[in-house]
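Okay, structure first, notes after.
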Amino acid sequence: MSDLFRPNIARLRGYVPGEQPREKGYIKLNTNENPYPPSPLVLARLREACSADLRLYPDPDAWALRRKLGEVFAIAPQQIMAGNGSDELLNVIIRSFAGEGDKIAYPHPTYGYYKPLIDIQGAEAVPVEFGEDFSLPEGLAVSGARITFLANPNAPSGTLVPYDEVAALCARVDGVLVVDEAYVDFSQGGCIRLIEQHPNAIVVRTMSKSFSLAGMRIGFAFAPAALIEGMWKVKDHYNLNRLSLVAAEAAIEDIDAMHANAARVCATRAHLCAGLRALGFYVWDSQANFVLARLGERWTNNTAAELYAQLKERRILVRYFATPPRLADCLRISVGTDAEIAALLAALKELSPV
């Protein structure tokens with residue numbers, strides 16, 4: 217039956233998201249979900265919104281939400297697009313700016329969903345290898361790509377490229393630069409001001425991580441109004457449902473709740489990093505809600521795949537990447553609650569050969 221598909225779809229290796237166990241009782245540190253609930257205001261507004269009005273279509277423009285976002289970030293609503301998660305907006309961007317055979321570049325290793333989206337469009341993926349410290353590779357600026365993606369903080373390393381370096385990259389690339397800021401609220405960074413200085417800049421954010429709304433699928437693109445206007449022709453109408461709009465508006469109204477949860481996550485992240493280093497792991501400095509840990513000399517008789525499996529036997533899920541090779545001796549660990557991280561570190565200490 218594969219001959220019925222477009223050739224690029226028949227060849228496609230789809231994206232594999234982090235494991236979502238159907239059984240209860242796991243400590244889930246594998247998909248970068250927030251361990252804390254969303255704002256109480258969000259939950260209250262959602263209860264109110266579960267009414268007969270669900271028979272009505274949502275606002276296709278998400279105007280009230282965009283107006284609230286504009287007030288928070290001091291930009292015009294015309295510079296904002298809301299999406300069904302940031303992944304939908306990445307898809308809209310690719311469909312808007314790159315055609316079949318066009319180059320789309322990104323540093324590597326990074327968010328694994330870029331490559332399948334590029335392949336679906338029939339464009340050419342141009343991965344440019346990060347430095348060992350995940351510093352910005354020089355080749356990214358001269359790839360000749362129609363679109364350049366930069367996850368910042370990067371996934372899966374959690375490392376952050378400083379604003380000045382991102383701005384310099386934006387000035388040098390030929391096409392649009394898309395700064396994917398899914399984890400930015402756990403960092404000291406932020407590049408939304410790029411859109412006021414560079415006509416080719418797009419910044420994408422999500423409510424899945426810091427706002428604890430992964431189940432609602434809410435994302436935003438910030439860009440010069442001319443780019444948003446063009447992208448509007450491509451996005452699905454009614455792409456955010458009524459409940460997602462209610463949740464997003466309430467979350468922005470109570471943004472202090474998000475900042476409080478993010479601060480808790482960052483405090484636990486510091487404890488996690490210290491604990492992993494004490495157990496012989498190399499840990500990159502993370503500005504996200506996860507850390508990337510490489511097995512050190514203490515673990516020479518273990519592989520990351522084995523350690524992942526041993527933790528899973530103890531009902532602790534972390535993320536293991538068999539590819540690319542430079543990540544094969546690493547585990548990515550989401551920041552959970554203090555109790556969850558204590559359980560993880562205790563399990564690793566028990567498994568440690570020394």
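Quick note on numbering: the sequence shown equals residues 217 to 570 in this note's numbering. Cβ coordinates follow ideal geometry from the N, Cα and C atoms, glycine included.
Per-residue DSSP class, three states only, for residue i
i    : result
H475 : helix
H453 : coil
M423 : coil
K244 : strand
G446 : helix
E522 : helix
C386 : helix
T364 : strand
F497 : strand
D335 : helix
G406 : coil
L538 : It should be pointed out that residue 538 corresponds to Ala in this sequence rather than to Leu. Here A538 sits in coil by DSSP.
I418 : strand
A441 : helix
D275 : coil
F179 : In the structure as shown, the chain begins at 217 and stops at 570. Residue 179 is therefore absent and cannot be evaluated.
Y329 : coil
Y399 : coil
P323 : strand
V570 : coil
G299 : strand
E304 : helix
L381 : According to the sequence shown, residue 381 is Glu rather than Leu. If DSSP states are grouped into helix, strand and coil, E381 belongs with the helices.
A341 : strand
A314 : coil
P251 : coil
L376 : coil
G431 : helix
Q503 : coil
Enclosing alpha helix (DSSP H) for residue i [first to last residue]
i    : result
R624 : The structure shown does not extend to residue 624, since the chain is modelled only from 217 through 570, so no value can be given for it.
L511 : Taken as a continuous stretch (DSSP letters only), L511 belongs to no alpha helix (DSSP H), being part of the beta strand (DSSP E) at F506 to L511.
D554 : D554 to L567
L459 : R458 to E469
P293 : Taken as a continuous stretch (DSSP letters only), P293 belongs to no alpha helix (DSSP H), as it is neither H nor E.
E354 : Run containing E354: none; DSSP gives neither H nor E here.
A226 : P223 to A226
Proximity test, Cβ basis, 7 Å: residue i and chain C
i    : result
V377 : In the structure shown, chain C cannot be found, because there is only a single protein chain.
Beta-carbon separation (whole angstroms), residue i vs residue j, contact threshold 8 Å
i    : j    : result
N250 : N416 : Rounded, the Cβ-Cβ distance is 32 Å, inconsistent with contact.
F365 : V394 : 5 Å
V342 : V450 : So it is not a contact: roughly 22 Å between Cβ atoms.
V534 : N505 : About 14 Å; that fails the 8 Å criterion.
A509 : C482 : Not quite, the Cβ-Cβ distance comes to about 17 Å (not below 8 Å), so this is no contact.
Cβ-based burial, residue i [other Cβ within 10 Å; buried from 16]
i    : result
I404 : The sequence shown places Gln at residue 404, not Ile. Flag for Q404 reads exposed.
P256 : exposed
Q413 : exposed
G299 : buried
C489 : buried
T539 : exposed
F289 : buried
Q295 : buried
G301 : buried
W515 : buried
F497 : buried
K240 : exposed
P272 : Residue identity differs from the one stated: residue 272 is Leu in this sequence, not Pro. Burial call: exposed.
C407 : buried
E397 : buried
Residue i: first and last residue of the uninterrupted beta strand (DSSP E) it sits in
i    : result
L195 : The question about residue 195 has no answer here: the residues shown for the chain are numbered 217 through 570.
D286 : Per the sequence presented here, residue 286 reads as Gly, with Asp not at that position. From DSSP, G286 is part of no beta strand (DSSP E) but of the alpha helix (DSSP H) over W279 to F289.
V232 : Per DSSP, V232 belongs to no beta strand (DSSP E) and is neither H nor E.
D396 : V392 to D396
E239 : Careful: E239 lies outside any beta strand (DSSP E) and carries neither H nor E.
V258 : Counting along the chain, V258 falls outside any beta strand (DSSP E), though it belongs to the alpha helix (DSSP H) covering P256 to A265.
Count the C-beta pairs between the region 442-449 and the region 229-245 that are closer than 8 Å, then say yes if the count reaches three, no if not. Verdict: no, contact absent.
Is there contact here, the region 462-481 with the region 337-346, by at least three beta-carbon pairs under 8 Å? In short, these stretches do not touch, since the Cβ pair count stays below three.
Is it the case that the region 353-363 contacts the region 480-499, given that we only count it when at least three CB pairs across the two stretches are under 8 Å? Result no; under three Cβ-Cβ pairs closer than 8 Å.
When you compare the region 426-434 with the region 254-269, are there three or more beta-carbon pairs, one atom per stretch, that lie closer than 8 Å? Here the region 426-434 makes contact with the region 254-269; the two share three or more CB pairs at distances below 8 Å.
Evaluate the contact criterion for the region 459-467 versus the region 319-331: three or more CB pairs, one atom per stretch, below 8 Å. Counting C-beta pairs closer than 8 Å gives fewer than three between the region 459-467 and the region 319-331, which falls short of the contact rule.
Report yes or no: do three or more beta-carbon pairs, one from the region 377-389 and one from the region 550-565, lie closer than 8 Å? Fewer than three Cβ pairs drawn from the region 377-389 and the region 550-565 lie within less than 8 Å of each other, which leaves the two stretches out of contact.
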